[in-house]
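A quick write-up on the structure given underneath.
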Amino acid sequence: QVQLVESGGGLVQPGVSLRLSCAASGFTFSNYGMSWYRQAPGKERELVARITSTTSTKTYADSVKGRFTISRDNAKNTVYLQMNSLKPEDTAVYYCYVGRWNSWGQGTQVTVSS
408 QVQLVESGGG LVQPGVSLRL SCAASGFTFS NYGMSWYRQA PGKERELVAR ITSTTSTKTY
468 ADSVKGRFTI SRDNAKNTVY LQMNSLKPED TAVYYCYVGR WNSWGQGTQV TVSS
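Each residue of the sequence shown is one higher than the last, beginning at 408 in this note's numbering.
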(Lines of atoms letter the chains of each structure in order from A and count residues from 1; the text may use other names and numbers.)
(Lines give C-alpha, C1' and ligand atoms only; values in the text may rest on other atoms or scores of the structure.)
Protein backbone atom coordinates (compact mmCIF):
# COMPACT_ATOMS: atom_id res chain seq x y z
CA GLN A 1 0.00 0.00 0.00
CA VAL A 2 1.01 3.63 -0.37
CA GLN A 3 3.23 4.88 2.45
CA LEU A 4 4.73 8.29 3.01
CA VAL A 5 7.16 8.81 5.89
CA GLU A 6 8.35 12.32 6.74
CA SER A 7 11.45 13.17 8.72
CA GLY A 8 13.70 16.12 9.48
CA GLY A 9 11.53 18.34 11.64
CA GLY A 10 12.64 19.91 14.87
CA LEU A 11 12.91 22.97 17.09
CA VAL A 12 15.04 25.71 15.56
CA GLN A 13 15.72 29.40 15.99
CA PRO A 14 14.51 31.99 13.49
CA GLY A 15 16.74 32.41 10.48
CA VAL A 16 18.15 28.90 10.35
CA SER A 17 17.49 26.14 7.84
CA LEU A 18 15.94 22.70 7.91
CA ARG A 19 15.50 20.04 5.29
CA LEU A 20 12.48 17.77 5.42
CA SER A 21 12.42 14.42 3.68
CA CYS A 22 9.51 12.23 2.63
CA ALA A 23 10.25 8.62 1.74
CA ALA A 24 7.57 7.08 -0.48
CA SER A 25 6.72 3.46 -1.13
CA GLY A 26 3.93 1.34 -2.56
CA PHE A 27 3.67 3.11 -5.92
CA THR A 28 5.83 4.13 -8.87
CA PHE A 29 7.14 7.32 -7.35
CA SER A 30 8.59 8.83 -10.51
CA ASN A 31 5.18 8.82 -12.21
CA TYR A 32 3.42 11.17 -9.80
CA GLY A 33 3.52 14.72 -8.57
CA MET A 34 4.22 15.25 -4.89
CA SER A 35 3.29 18.01 -2.47
CA TRP A 36 4.15 19.39 0.93
CA TYR A 37 1.39 20.83 3.11
CA ARG A 38 1.48 22.29 6.59
CA GLN A 39 -0.98 22.86 9.39
CA ALA A 40 -0.43 25.34 12.17
CA PRO A 41 -2.39 25.16 15.45
CA GLY A 42 -5.92 26.44 14.97
CA LYS A 43 -5.48 26.85 11.21
CA GLU A 44 -6.46 24.88 8.15
CA ARG A 45 -3.98 22.72 6.32
CA GLU A 46 -2.38 24.68 3.48
CA LEU A 47 -0.32 23.84 0.42
CA VAL A 48 3.33 24.80 0.79
CA ALA A 49 4.92 23.45 -2.39
CA ARG A 50 4.27 21.04 -5.23
CA ILE A 51 6.50 19.32 -7.77
CA THR A 52 5.34 17.54 -10.90
CA SER A 53 6.48 14.11 -11.95
CA THR A 54 7.92 14.55 -15.42
CA THR A 55 9.16 18.11 -15.80
CA SER A 56 9.68 18.71 -12.09
CA THR A 57 7.80 21.97 -12.41
CA LYS A 58 7.57 23.57 -8.98
CA THR A 59 4.95 25.80 -7.42
CA TYR A 60 5.03 27.51 -4.03
CA ALA A 61 2.77 29.31 -1.62
CA ASP A 62 3.44 33.04 -1.67
CA SER A 63 4.46 32.91 1.98
CA VAL A 64 7.45 30.64 1.27
CA LYS A 65 8.58 31.77 -2.19
CA GLY A 66 12.28 32.52 -2.24
CA ARG A 67 12.88 30.71 1.06
CA PHE A 68 11.71 27.12 0.47
CA THR A 69 12.72 24.73 -2.29
CA ILE A 70 11.00 21.47 -3.17
CA SER A 71 12.95 18.78 -4.97
CA ARG A 72 12.77 15.06 -5.66
CA ASP A 73 15.14 12.16 -6.11
CA ASN A 74 13.34 9.50 -8.11
CA ALA A 75 16.16 7.01 -7.56
CA LYS A 76 15.54 7.24 -3.82
CA ASN A 77 11.73 7.61 -3.99
CA THR A 78 12.10 10.72 -1.87
CA VAL A 79 10.81 14.27 -2.00
CA TYR A 80 12.52 17.04 -0.06
CA LEU A 81 11.63 20.45 1.29
CA GLN A 82 14.59 22.72 1.91
CA MET A 83 13.49 25.49 4.24
CA ASN A 84 15.77 28.51 4.63
CA SER A 85 15.40 31.69 6.66
CA LEU A 86 12.78 30.10 8.86
CA LYS A 87 10.31 32.36 10.63
CA PRO A 88 8.12 31.76 13.69
CA GLU A 89 5.09 31.75 11.38
CA ASP A 90 6.51 28.67 9.66
CA THR A 91 5.77 26.69 12.82
CA ALA A 92 3.45 23.84 11.87
CA VAL A 93 3.17 20.13 11.27
CA TYR A 94 4.45 19.46 7.76
CA TYR A 95 2.85 16.70 5.70
CA CYS A 96 3.84 14.95 2.53
CA TYR A 97 0.98 14.21 0.09
CA VAL A 98 0.46 12.31 -3.15
CA GLY A 99 -2.73 13.41 -4.84
CA ARG A 100 -3.16 10.49 -7.18
CA TRP A 101 -3.61 8.23 -4.17
CA ASN A 102 -5.04 10.86 -1.79
CA SER A 103 -2.47 9.68 0.70
CA TRP A 104 -0.83 11.62 3.56
CA GLY A 105 2.21 10.99 5.68
CA GLN A 106 2.05 11.13 9.47
CA GLY A 107 3.59 14.60 9.56
CA THR A 108 6.71 16.08 11.11
CA GLN A 109 6.68 18.99 13.56
CA VAL A 110 8.62 22.13 12.75
CA THR A 111 8.86 24.72 15.53
CA VAL A 112 10.63 28.03 14.94
CA SER A 113 11.21 29.90 18.16
CA SER A 114 13.87 31.90 19.92
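Glycine is no exception: its CB is placed at the ideal position from the N, C-alpha and C atoms.
Looking at the secondary structure, which residues open and close the beta strand (DSSP E) in which residue 480 lies? From DSSP, the beta strand (DSSP E) with residue 480 extends over 475-480.
Reduced DSSP secondary structure (H/G/I, E/B, other) of residue 457: Residue state, collapsed to three classes: strand.
When DSSP labels each residue in this structure, what does residue 496 get in the three-state scheme? Shown here, residue 496 sits in a helix according to DSSP, grouped into three states.
What residue does the beta strand (DSSP E) around residue 465 start on, and which one ends it? Looking at the DSSP string, the run of the beta strand (DSSP E) that includes residue 465 is 465-467.
Based on the DSSP output, what are the partners of residue 447 in its beta bridges? Answer is none; residue 447 lacks a bridge partner.
Output the boundary residues of the beta strand (DSSP E) element that contains residue 410. Where residue 410 is concerned, the enclosing beta strand (DSSP E) stretches over 410-414.
Residue 521 in three-state terms, based on DSSP: In the structure shown, the three-state DSSP call for residue 521 is coil.
DSSP beta-bridge partners for residue 420? BP columns for residue 420 are empty, so no partner.
Does residue 423 pass the burial test, meaning 16 or more other C-beta atoms within 10 Å, or should it be called exposed? Counting Cβ neighbours within 10 Å, residue 423 comes out exposed, since fewer than 16 surround it.
At a cut of 8 angstroms, does the region 417-433 reach the region 483-503 through at least three beta carbon pairs? They touch, by the three-pair rule.
Buried or exposed by the 16-neighbour rule on C-beta atoms within 10 Å, applied to residue 611: In the structure as shown, the chain begins at 408 and stops at 521. Residue 611 is therefore absent and cannot be evaluated.
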